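As structure tokens, the structure follows; a few thoughts come after it.
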Amino acid sequence: MSAVPFKRYYSICVGMMGMQPTEFWNCSLIEVYNAIDGFSEFNGASQDAPMDKNELSDLMEMYPD
């Protein structure tokens, strides 16, 4: 079993997500993991691939400016 990467989790939660240090230390590992997972999903980490040329062309036709 590998060690829990507390330093990385702390960096993400406090540094990127704006969680207060006391909030972080009062969370369970499940709560920390779910918060990071939700933050990643909200910020686009779950996107499969970037937009391709055809999708960009379609958007440019729909929204010419």
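Per my numbering, residue 1092 is the first one in the sequence shown, and the count goes up by one each step. Glycine included, every Cβ here is placed at the ideal spot set by N, Cα and C. Since this is a predicted model, take the numbers as computed values, not measurements.
Find the nearest neighbour of residue i within the set the options, judged by alpha-carbon distance.
i: residue 1130; options: 1150, 1100, 1142 and 1151; result: 1100
i: residue 1104; options: 1096, 1117 and 1127; result: 1127
What are the start and end residues of the alpha helix (DSSP H) that includes residue i?
i: residue 1128; result: 1120-1133
i: residue 1151; result: 1144-1153
Indicate the three-state DSSP secondary structure (helix, strand or coil) for residue i in the structure shown.
i: residue 1108; result: coil
i: residue 1093; result: coil
Is residue i close to chain D, meaning its C-beta is less than 9 Å from at least one C-beta of that chain?
i: residue 1151; result: Judged by its chain identifiers, the structure shown contains no chain D, having just a single protein chain.
Do you know offhand how far residue i's Cα is from residue j's?
i: residue 1157; j: residue 1141; result: Residue numbering for the chain in the displayed model covers 1092 to 1156; residue 1157 lies beyond these limits and cannot be assessed.
i: residue 1115; j: residue 1125; result: 12 Å
i: residue 1145; j: residue 1132; result: 25 Å
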